[in-house]
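Heads up: the structure comes next, in structure tokens.
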Amino acid sequence: MTTDRVLREVAGDRGLHVGAMIGPEPLRTEPRHRRTLAEEFSAVTPGSALKMGPLRPSRDTYDLADADAIVDFGVEHDMYVRGHALVWHRQLPEWFQPWDYTDDQLREFLRDHVHTVAGRYHGRIDAWDVVNEAVADDGSLRETVWYDALGADYVADAFRWASEVSDADLYYNDYGCEALTEKADAVYDLLADLLDRDVPVDGVGLQLHALGDRPDPESIRENVERFRDLGLDVQITEMDVAFDREDVPEDPLAVQADYYREVAEVCLEAGCDALVVAGVSDANSWLRYFADFPENYTGDPLLFDERYRPKPAYDAVVEALAED
Ligand code: XIL
848 MTTDRVLREV AGDRGLHVGA MIGPEPLRTE PRHRRTLAEE FSAVTPGSAL KMGPLRPSRD
908 TYDLADADAI VDFGVEHDMY VRGHALVWHR QLPEWFQPWD YTDDQLREFL RDHVHTVAGR
968 YHGRIDAWDV VNEAVADDGS LRETVWYDAL GADYVADAFR WASEVSDADL YYNDYGCEAL
1028 TEKADAVYDL LADLLDRDVP VDGVGLQLHA LGDRPDPESI RENVERFRDL GLDVQITEMD
1088 VAFDREDVPE DPLAVQADYY REVAEVCLEA GCDALVVAGV SDANSWLRYF ADFPENYTGD
1148 PLLFDERYRP KPAYDAVVEA LAED
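Under the numbering used here, the residues of the sequence shown are numbered 848 to 1171, in order.
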């Protein structure tokens, strides 16, 4: 079945936000990027602009220009805006040396950061990734600067602080916990415990960077269902589908399209409320410039090609979402 309706429309009819994680640069400089984002997507997330490093060029200043550009674009185009991320252990400011602070000062510093940023976007951001990637690959709490100084309860504290200043839905976001993995069990236990203690968590974000490995859709479905049974909303937050350069299938675009289709079906059937991909076009993919990735993975993981033409993956998602 084919349809001439755009992604944003077919997703909207099914009650699903379909979004892209983006940077400020292509938004400002590429009209095609701007147009495709506005016409095809109903949700937007700044990829880095709301992280502590990019936001805070010095100890006492916030530079909100990039974050504002993306959030304002989303609001103006009637999009669902995801904020990413209030508390993370990476992309911290270069001037930030944890050893300059006592543990109590770090706690105050983080609380102030969460209050300032979540407060600044009150009413404009619909969902926040409050804590990103707090669970290590073995299921233990990751030993980050925040864990080290504030203890395990920094996760609960961050959600409480965010809820003091924000009316957004508050998410825990992570990778490697899309299907029923050991790490997913650990994330499940962490969130179940937070909910038991009345910590204000509304949802879980599953990143779904399918790099080489593609988590089994059936297993994703079961996992989404158990999070939903806890009372949490579930969103796919950073999806991309790339191949190990040593192991590229014969028809990579078809394999990619099939996987996007299966995930879109799972989203509908298991009741996810957003499917966000990690960029608008392949030209914007983080795999093309992030650390070691360009050597490891193919750099065309998204729904639109470098020239913003829809790929088979785009058609597959539209078909999966279009009502028959
Ligand atoms: C990535 C950004 O897309 C890049 O621009 C940046 O250089 C590194 O971070 N998990 C996350 C995202 O939660 O914030 C990361 O985004 C990708 C992995």
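Note that the Cβ used here is the ideal one computed from N, Cα and C, for glycine as well.
Residue i burial status per 10 Å Cβ neighbour count (16 or more: buried)
i: Phe1090; result: buried
i: Phe1074; result: buried
i: Ser987; result: exposed
i: His969; result: exposed
i: Tyr1136; result: exposed
i: Arg929; result: buried
i: Ala1167; result: buried
i: Ala1005; result: buried
i: Arg1061; result: buried
i: Met848; result: Unreliable placement is indicated for Met848, whose pLDDT of 46 sits below 50; the coordinate value is still reported in the next sentence. That one is exposed.
i: Ser1010; result: buried
i: Thr908; result: exposed
i: Asp1043; result: exposed
i: Gln952; result: exposed
i: Pro871; result: buried
i: Gly887; result: Note on residue identity: the sequence assigns Glu, not Gly, to residue 887. Classification for Glu887: buried.
i: Leu1041; result: buried
i: Asp1147; result: buried
i: Ala999; result: exposed
i: Thr876; result: exposed
Check: residue i C-beta below 7 Å from any heavy atom of the ligand XIL
i: Asn979; result: yes
i: Glu1085; result: yes
i: Trp993; result: no
i: Phe1137; result: yes
i: His931; result: yes
i: Trp1133; result: yes
i: Asn1020; result: yes
i: Gly866; result: no
i: Ser1128; result: no
i: Gly1059; result: no
i: Gln1082; result: no
i: Gly986; result: no
i: Ser895; result: yes
i: Gln1054; result: yes
Whether residue i touches residue j by CB criterion (8 Å)
i: Ala912; j: Val1127; result: no
i: Ala1104; j: Asp1162; result: yes
i: Val1051; j: Tyr1018; result: yes
i: Asp947; j: Asp1016; result: no
i: Trp1008; j: His962; result: yes
i: Leu1172; j: Leu1038; result: Here the chain covers residues 848 to 1171 and nothing more, so residue 1172 does not appear.
i: Ala1057; j: Asp1087; result: yes
i: Val922; j: Arg861; result: no
i: Pro1185; j: Phe1151; result: The chain is shown from 848 up to 1171; residue 1185 falls before or after that span and cannot be answered.
i: Leu1122; j: Ala1111; result: yes
i: Val1165; j: Leu884; result: no
i: His864; j: Ala890; result: yes
i: Thr892; j: His931; result: yes
i: Glu980; j: Tyr1022; result: yes
i: Gly900; j: Pro940; result: yes
i: Leu902; j: Val964; result: yes
i: Thr949; j: Asn1020; result: no
i: Trp1133; j: Gly894; result: yes
i: Arg1092; j: Thr1145; result: yes
i: Val1081; j: Leu1053; result: yes
i: Val934; j: Val977; result: yes
i: Lys898; j: Gln944; result: no
i: Ala1169; j: Val857; result: yes
i: Asp1049; j: Leu1079; result: yes
i: Pro1064; j: Val1102; result: no
i: Tyr1155; j: Arg879; result: yes
i: Arg906; j: Trp942; result: yes
Residue i CB to nearest heavy atom of the ligand SAM below 7 Å
i: Val964; result: Of the ligands one can find in the structure shown, namely the ligand XIL, none is the ligand SAM.
Could you say if the stretch 1065 to 1072 and the stretch 1020 to 1034 meet the contact criterion of at least three C-beta pairs nearer than 8 Å?
yes
Curious, which full-length alpha helix (DSSP H) runs of at least 4 residues does the stretch 934 to 972 contain?
950 to 967
Please go through the stretch 1061 to 1122 and give each complete beta strand (DSSP E) segment of 3 or more residues, from N-terminal end onward.
1080 to 1089
As an exercise, report each continuous alpha helix (DSSP H) stretch of at least 4 residues that is fully enclosed by the stretch 974 to 1022, in chain order.
992 to 997 and 1001 to 1012
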